[in-house]
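Single-structure report; data block below.
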Amino acid sequence: MKPAGYYGLPVVKPPVWTWEIPVYFFVGGLAGMAEAIALAAFSTGAELELVRKAAWVAAAGAGVSPILLVMDLGRPARFANMLRVFKWRSAMSVGAWTLAVFGACAVPAALLLQWGEGRALHAVAALLLFGAGVLGPLLATYTGVLLAATAIPVWSAHRTLLPIHFGAAALGSAAAVLELLGSRPPALSAVGIATAIVETMIGAALEIGRASVVDRPLRTGRSGNLMRAAAVLTGPLSLALRLVGARTGGGAAFLFGALLSRFAWIDAGRCSALDPEATFASQAPP
Amino acid sequence: MPGLGTSFGRGGATTAQQDLANADCILIEGSSMAEAHPVGFRWVLKAKERGATIIHVDPRFSRTSALADLWVPIRAGADLVFLGGLVRHVLENRLFFREYVLHYTNASCLVRDDFRDTEDLDGLFSGWDPERRTYETESWRYEGDDLARPLRDPTLEHPRCVFQLLRRHFTRYTPEMVEKLAGVPPDLFGRVADAFTSASGREKTAAICYALGWTQHSKGVQIIRTAAILQLLLGNVGRPGGGILALRGHASIQGSTDIPTLFDILPGYLPMPKAGTGEDDLAGYVRNHRKVAGQWSALPAYVTSLLKAWYGPHATPESDSGYRFLPQVSRDHSHFSFITEMADGHVDGFFVMGQNPAVGAQHSRLERKALARLRWLVVRDMVEIETASFWYDSPEIETGELTTANVATEVFLFPAAGHAEKEGTFTNTQRLLQWREQAVDPPGDARSEAWFIHQLAKRLRSRAAAAGDPLDEPLRALDWWYPEDEHGEPHIEAVLAEINGWRSDPAEAAAGLVHSRDAEDRPHHGPQVKGFGDLRDDGSTACGCWIYSGVLGPDGVNRARQREPSGAYAHGWGFAWPADRRILYNRASAAPDGTPWSDRKKLVWWDDTERRWTGDDVPDFVAEKPPDYVPPPDATGLAAQRGDAPFLLHEDGLGWLYVPEGLKDGPLPTHYEPLESVADNALYGRATNPAVRWFVRDDNRFAPPKDPRFPYVLTTYRLTEHHTAGGMSRFLSHLAELQPELFVEISPELAGELGVASTDWVTVSTLRGIVEARALVSRRMRPLQVDGRIVHQVAMPFHWGSAGPNRGDVVNDLIPLSGEPNVTIHEGKALLCSVTAGRRPRGRDVTEALDRLVRETPPHPEAPSTEPRPSERPGGHGHHGKTT
Amino acid sequence: MIGDGIASANQRTHRFVEERTPVGFFTDPTLCIGCKACEVACKEWNGLPEDGFVFSGTSYDNTGALGASTWRHVLFLEQDQSRGPQLAGPMSGGEGEDPFRWIFLSDVCKHCEHAGCLEACPTGAIVRTEVGSVLVQDDVCNGCGYCVVSCPFGVVDRRPQPLPGAGGAFKCTFCYDRQASGLPPACAKVCPTESIQFGPLDEITARAARRVEDVRALGYADASLYDARGTSVGATRAVFLVLGSPEAYGLPADPVVPTVYLRDAWTSSLLTSLVALAGVIAAFALL
Ligand SMILES: Nc1nc2c(c(=O)[nH]1)N[C@H]1C(S)=C(S)[C@@H](COP(=O)(O)OP(=O)(O)OC[C@H]3O[C@@H](n4cnc5c(=O)[nH]c(N)nc54)[C@H](O)[C@@H]3O)O[C@H]1N2
Ligand SMILES: Nc1nc2c(c(=O)[nH]1)N[C@H]1C(S)=C(S)[C@@H](COP(=O)(O)OP(=O)(O)OC[C@H]3O[C@@H](n4cnc5c(=O)[nH]c(N)nc54)[C@H](O)[C@@H]3O)O[C@H]1N2
Ligand code: SF4
Ligand code: SF4
Ligand code: SF4
Ligand code: SF4
Ligand code: SF4
Ligand SMILES: [Mo]
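The listed protein sequences derive, respectively, from chains U, H and D.
For the first sequence, counting from 1, position 245 maps to 245 in this note's numbering; every step adds exactly one.
Each number in this note's numbering comes from the position in the second sequence (counting from 1) with 1000 added on.
Each number in this note's numbering comes from the position in the third sequence (counting from 1) with 2000 added on.
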């Protein structure tokens, strides 16, 4: 049978992004949600130890993320151009600013929470913590928008799911990291269980029914296998482990799965771009 | 181009590419115009936009076919049957333009009664000499042997009038025969016949474009002749939107036949003196070549002026006007002849300028091995082409046939200036001289050809002067006057002035002097002549090429440099030879009485009030000669031609349906099979052109007809993306990346049989060579039904070689040397090959495989066992010029 | 049209940039002879690097696709159907009627009205010029690669190492440099058959519409105009006549500019964020 389109050649270009981007999705998301947890803990008067730990995780992530992004640029020396303009219709521009502001709040917040003496400084810390904490979830979910608003069929097709997916994965990861760092408040395990449930549902949703042309890479090939492995780790496996009380194991599984799933999505995007049929399906009269 | 030369008188395209836009039908056959002449092809598309029917007849569905209304796949080498079929169609259905045929062609002329046609002698004409494998052409002439005043039968009924001979000759070229031999189904043939003939007549005209697909055959000239006959019968010559456009090759290849780089003609298609033919003095030469009537009766003026241009003060009565300095041709010195002599070690030195024979020339294996037998070789090129690098990177190094250490040839590679780096003229495919300004200085030591030749000549002459050897007299006699600039570049426009011609005597009136002072700033010559009409045979004029005369006249205007086009034929842009006539023989665009055939197709006509010819083009006729002019019995020259005789260079002034003199393989076109063929000649007892030259040698073998070892027809062609032997394209990434590898085009059917798919390697073998290429499988190649059998054709571009960044096997390794009788052109467009899946053998295995093939294959039954003695085979571009 | 010579808009010098006149391309495969002069002229003028000596086996197309170093790309389609009134090959004498056609189309950046690349570019490197074309400013681009995945036609790409200019995103500039000095685009200028036609956008679109009518009348029943009109991409500055389905040319039938997905995606993102934050606070508050 004749290949689709023009000798079966791709219609849209595959992403040029390398490993730094999926890793950034993971780290940035984790940082963002960690700050959300810090804010929650702080505002509900939980012990300062946890707040500090969460804030430090967020600050660390906020510090690593830009490095990863710059590493991926074709022309790293021009990283500053990212803040040359603000374009709300460009998810990457919005994301860049979000990360910048988030970092600008998260890092001093962590420092002040650690060493800040006196009421004034505490107030400032609280303020910064609030800012970062509110931006955090956005930082964790905008990456979903970043992928969704592209010409890559499998990404745009899941434009609603991606932010939820990335958000849940980020929140779960944040909880897991804090748990692995030794904080074991019941709230965290509740978050862990909740996110694992959400992930299980998402994983199931992607498996149910026969795959559309566009969804092929989520089920088949390398990207498909990655996707499944990730889904099992973040979903059923970590849930089961948590339910039998193996919080460490559950957390670890979730973390690994969450990282894996980011690679899976980028890979799926690449396959999707190379498949002209997928593009025709996603760019055809309704 | 004797095909056109003998039919119409001049060896050049009868029309201009722009004029194609006026055609009602265009038959492109034997050319892929869209690919090889993409810029000119816009005029074909313009015609199409205006409703013309475009027909492309080609073994491949090419980029030209893609844009045509009608694509006719044909077996390579069968065009003469196809065209003969059209001629028959026109004759049998009385579709010819009677009035035109009657007045403007030699249809009514009577032929000698001892003439015998191929119909009588089963594929031979009368006068065949089996010993020397040449024709005695006496019996082909007109009744009464008077070319100027042939006997004519206006009823066209006389059994020996050309018209009747023509009918008889082509009766068996039926649609069935066309299907049988060319593989063209009758209804498709019918479509072509109807489209072409219905677009001809008073109100309409049809044009024909051809190129190598016709010329590179053992009967190339006769294929073109058949087209000429068709156009004459339909009245399509000399009229707007009609004619035959020979699509020439290199940017100035037309120029290099007008002012030839050929061994057997002098500038302006003057024949080269031939030894042993009574031409030892000018008188004898004139006796042999001057015609009583027509343009050629002025031959003495042309040749004397040429000698004057070359030998200046030394062209005196003592030197027989300089004729004594001319060498005389004793035998065939065409490229292939001296290459074979070179291969046998009989040639010491070789200059190669603007050519890459190690890749571009046929049987390139033999060529390269021949180069290795030289003592010295001078190559001038812009890059290090295979011809310069063969001694260390040729395939023969891989096979061990050559080893660098043992190649004695001393190679001098000179950097050449490219066309944008020097000024001069191009003469393009439509005889148009266009001046080229120099855009940039050549890099480094690169110099123009003119500089090289000029400097070489100066050095040789000083040596000759010193040595005083009588053999060098012609060198000493040369009038090497050219002024030069500070870099020693000769003044090119001064050369053009010499080509245009001048009054010889410097003492003559100052008016009209152009570049009149020599290198030492002494007055060198008199005023420029206006045109070839001013040339004299008494040494008072000099002219480097009579047909170009008028390009730089006494007004000092370099017409090749003009860029103000005006009128329908863009006069004022460049200069078309002769005398800026854009459509040749345009007197035929008017009826015998001088009025246009039709308003739609008027071009030039007789203005009775002004008593002169006028119109949109410069009349290709004596301006004041009335249409009803009848020459007095004693008249000579143009005055000896009637007022309704448009073909000035023929003594009778007629278009020649039948060629009474000037061709070596027959007065009428006859179909012969390619030297290597998949079919028998269903028309005649003999398969191949009897007069063809086989270059008999062990390393130049031909496969017998229908040889099972070589079941496929191979044809070769060029790609738009590359240029010929690749020196100008393979070395440039922007071109080479567009077609990065040698490939062979194969039909899906054949690919199925061979079990190959596109991009797979395949090996193509003949008795001459073995090459590998990528398979390109496409329905653009079609198996044909020939003589009841399925015939597969494969096609290969020939641009690759062993040098440069983008390399590949050399297709010309596959192709044998052979010589078409009139122009000794090879048969590179139709031969036999085998195709097998996979890559070719390496190293010594190649030569072993070849030897095996040669051992196993019986000789071609019609190939002579020994070469007829060379002295009996002078080549023959005489009067008319070569083909590509 | 063809053969207008120096009078044609493809040759004439102009003042479109000064006059801020929107310009466009109309590319017409019924006049294209597949000579690739446009591809070569583009590479020559823009000094684009060679990007691979690969024999593709896909007809005469060894270029493959538009990309960072190929801004014009001539497609070669071989199809088993007839090209308008054309008769290609044996009628009888074998299998009988067997339609076949070879179509050439010179593809290029569409210079979209709503350009995915331009919208996506976070640095503002991609701008809209005075003549309405979409231009990548190489001195601003930091090579983030977001435009690459945001072009619905797969035009713009990031140039890989070790090529000169590597790391930046490149595509057709619509010869902004030439146009700024009054010259027509290189590709249009060299096109021997005026298959590429350059000129003021309104003239071009009118001419394109007329041409489609004409060729349909000539018997090209499957001729249509590909100009993305009525899609989210909006009317493109480069429009094409296509015979048969656009997909066969690798052109999406109904191109979508990715920004249309923003609404859904951001909604999802914001809600997710809210739920997450609220959820975590609740968890800490209650447990
Ligand atoms: N781009 C480009 N242009 C060129 C050149 C180049 O190398 N590259 N070369 C220039 C030169 S030197 C020349 S001489 C001209 C040549 O110009 P062309 O003669 O047009 O070029 P070719 O491709 O050699 O042959 C033309 C066609 O003849 C077909 N053919 C082969 N055998 C037969 C046959 O037996 N019968 C018929 N009817 N057709 C046949 C081939 O399939 C091919 O399509 O082009 C000139 N122009
Ligand atoms: N199988 C097969 N073989 C063929 C043909 C075919 O159709 N099939 N075609 C035949 C035909 S028609 C031709 S014309 C020949 C062509 O064959 P060749 O003439 O041998 O090959 P070209 O590559 O044209 O050689 C021209 C060379 O001149 C160089 N050059 C360019 N400009 C200049 C200049 O100004 N000065 C100098 N000194 N050098 C310059 C170029 O770099 C190039 O290397 O090939 C013939 N060979
Ligand atoms: S290369 Fe020169 S001669 Fe050949 S088509 Fe182009 S413009 Fe004409
Ligand atoms: S076609 Fe692609 S690259 Fe060109 S303007 Fe539109 S979106 Fe940008
Ligand atoms: S790669 Fe360059 S042009 Fe493309 S979006 Fe990033 S910054 Fe803009
Ligand atoms: S407009 Fe200029 S940059 Fe764009 S394709 Fe044409 S030549 Fe290339
Ligand atoms: S230059 Fe014109 S004719 Fe040649 S390929 Fe490009 S668009 Fe087609
Ligand atoms: Mo040629």
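Virtual Cβ for every residue (Gly too), placed ideally from N, Cα, C.
What you are looking at is a predicted structure, and each value in this text was computed from that prediction instead of being measured.
Subject >> Element boundaries [alpha helix (DSSP H), containing H:Ile1208] >> reply: Run containing H:Ile1208: none in the alpha helix (DSSP H); it sits in the beta strand (DSSP E), 1206-1210.
**OP:** Note down the Cα distance separating H:Leu1754 from H:Val1835, rounded to an integer number of angstroms.
**Re:** For H:Leu1754 and H:Val1835, the distance between alpha carbons rounds to 8 Å.
Subject >> Helix, strand or coil at H:Cys1545 [DSSP, three-state] >> reply: Coil.
Subject >> Residues within the stretch 2064-2087 of chain D neighbouring chain U, beta-carbon criterion of under 7 Å >> reply: Look at the stretch 2064-2087 of chain D: the residues with a C-beta under 7 Å from a C-beta of chain U are Gly2064, Ala2065, Leu2075.
Subject >> Helix, strand or coil at H:Trp1480 [DSSP, three-state] >> reply: In this structure, H:Trp1480 counts as coil in the three-state DSSP scheme.
**OP:** Could you tell me whether the Cβ atoms of H:Leu1282 and H:Leu1306 are closer together than 8 Å?
**Re:** Between H:Leu1282 and H:Leu1306, the C-beta spacing is not below 8 Å.
**OP:** For chain U, find out if any of its Cβ atoms is closer than 8 Å to the Cβ of D:Glu2113; answer yes or no.
**Re:** Not closer than 8 Å to any Cβ of chain U, the Cβ of D:Glu2113 fails to qualify, so no.
Subject >> Beta-carbon contacts of H:Gly1878 that lie in its chain and below 7 Å, excluding the five residues immediately before and after >> reply: At H:Gly1878, the pLDDT of 40 sits below 50, so the modelled position is not reliable and the matter cannot be decided from this model.
Subject >> Own chain, CB closer than 7 Å to H:Ala1465, minus 5 neighbours either side, in chain order >> reply: Excluding its 5 nearest sequence neighbours in each direction, H:Ala1465 has C-beta neighbours in its own chain below 7 Å: Arg1476, listed in chain order.
**OP:** Starting from U:Met201, find everything on chain D with Cβ-Cβ shorter than 9 Å and list it in chain order.
**Re:** Here the premise fails: no neighbours, minimum Cβ distance about 14 Å.
**OP:** Flag this pair as yes or no: are the beta carbons of H:Pro1059 and H:Thr1715 separated by less than 8 Å?
**Re:** Against a cut-off of 8 Å, the Cβ pair of H:Thr1715 and H:Pro1059 comes out as a contact.
Original post:
Any idea if H:Arg1852 is buried or exposed, counting beta-carbon neighbours within 10 angstroms, 16 or more meaning buried?
Top reply: Result: exposed.
Subject >> Contact residues within the stretch 272-284 of chain U, judged by C-beta distance below 9 Å to chain D >> reply: Cβ contacts with chain D: Ala273, Pro276, Thr279, Phe280, Ser282, Gln283, Ala284.
Original post:
Around the Cβ of D:Ile1992, are there at least 16 other Cβ atoms within 10 angstroms (buried) or fewer (exposed)?
Top reply: It is not possible to answer for residue 1992 of chain D, since the shown part of chain D is limited to 2001 through 2287.
**OP:** Report yes if the C-beta of D:Val2257 is less than 7 Å from at least one heavy atom of ligand 5; otherwise report no.
**Re:** Not under cutoff, so the answer is no.
**OP:** Could you tell me which chain H residues have their CB closer than 8 Å to the CB of D:Leu2243, listed as they occur along the chain?
**Re:** Per Cβ cutoff of 8 Å: no residues; D:Leu2243 is ~12 Å from chain H at best.
**OP:** Measure the alpha-carbon distance for H:Glu1872 versus H:Asp1698 and round it to whole angstroms.
**Re:** Caution is warranted here: a pLDDT of 46 is assigned to H:Glu1872, below 50, making its placement in the model unreliable, and no coordinate value can be reported.
Original post:
Start and end of the alpha helix (DSSP H) containing D:Cys2117?
Top reply: Taken as a continuous stretch (DSSP letters only), the alpha helix (DSSP H) holding D:Cys2117 covers 2116-2120.
Original post:
If we ignore side chains and look at the alpha-carbon of each, how far apart do D:Lys1986 and D:Val2155 end up?
Top reply: The displayed coordinates of chain D run from 2001 to 2287. Any statement about residue 1986 of chain D would go beyond what the structure contains.
**OP:** Return the bridge partner residues of H:Gln1793 from the DSSP annotation.
**Re:** Paired residues: H:Val1713.
Original post:
DSSP beta-bridge partners for D:His2372?
Top reply: Residue 2372 of chain D lies beyond the stretch modelled for chain D, which goes from 2001 to 2287, so this question has no answer here.
Original post:
Residues in the stretch 29-50 of chain U with C-beta within 8 Å of chain D's C-beta atoms, listed in sequence order?
Top reply: Correct list: Met33, Ala36, Ile37, Leu39, Ala40, Ala41, Ser43, Thr44, Ala46.
Original post:
Cβ of H:Arg1840 versus every heavy atom of ligand 5: is any distance shorter than 7 Å?
Top reply: Incorrect: H:Arg1840 has no Cβ contact closer than 7 Å to ligand 5.
**OP:** Drop a sphere of 10 angstroms on the beta-carbon of H:Ala1388, count the other beta-carbons inside from all chains shown, and report buried for 16 or more, exposed for fewer.
**Re:** H:Ala1388 is buried by the Cβ-count criterion.
Original post:
Whose C-alpha, out of H:Pro1631, H:Tyr1629, H:Pro1646, is nearest the C-alpha of H:Pro1619?
Top reply: Taking only the C-alpha atoms, the option nearest H:Pro1619 is H:Pro1646.
Original post:
If you measure from the beta carbon of U:Trp265 to each beta carbon in chain D, is any gap under 8 Å?
Top reply: Not an interface residue.
Original post:
Taking the alpha carbon of H:Leu1151 as the point to measure from, which residue in H:Asn1106, H:Trp1128, H:Asp1187, H:Leu1377 has its own alpha carbon closest?
Top reply: Per the Cα distances, H:Asn1106.
Subject >> Under 8 Å between C-beta atoms of U:Leu68 and U:Glu20 >> reply: Pairing U:Leu68 with U:Glu20 gives a Cβ-Cβ distance under 8 Å.
Original post:
Regarding H:Arg1718 and ligand 1, is the C-beta to nearest heavy atom distance less than 7 Å?
Top reply: At a threshold of 7 Å, H:Arg1718 counts as near ligand 1, since its beta carbon sits closer than that to one of the ligand's heavy atoms.
Original post:
So what's U:Trp19 in DSSP terms, helix, strand or just coil?
Top reply: Note: U:Trp19 maps to coil in three-state DSSP.
Original post:
Would the beta-carbon of H:Cys1025 be found less than 7 Å away from any heavy atom of ligand 5?
Top reply: For H:Cys1025, the shortest separation between its Cβ and any heavy atom of ligand 5 does not lie below 7 Å.
Subject >> DSSP beta-bridge partners of D:Phe2170 >> reply: When beta bridges are read from the DSSP output, D:Phe2170 appears opposite D:Asp2157.
**OP:** Find out if the Cβ-Cβ distance for the pair H:Lys1664, H:Thr1134 is shorter than 8 Å.
**Re:** In this structure, H:Lys1664 places its C-beta atom within 8 Å of the C-beta atom of H:Thr1134.
Original post:
Does any residue of chain D bring its CB to less than 8 Å from the CB of U:Ser212?
Top reply: So, not an interface residue.
Subject >> Closer than 8 Å at the beta carbon, the chain H residues around D:Val2212 >> reply: Neighbours of D:Val2212 on chain H: none; closest Cβ ~15 Å, over 8 Å.
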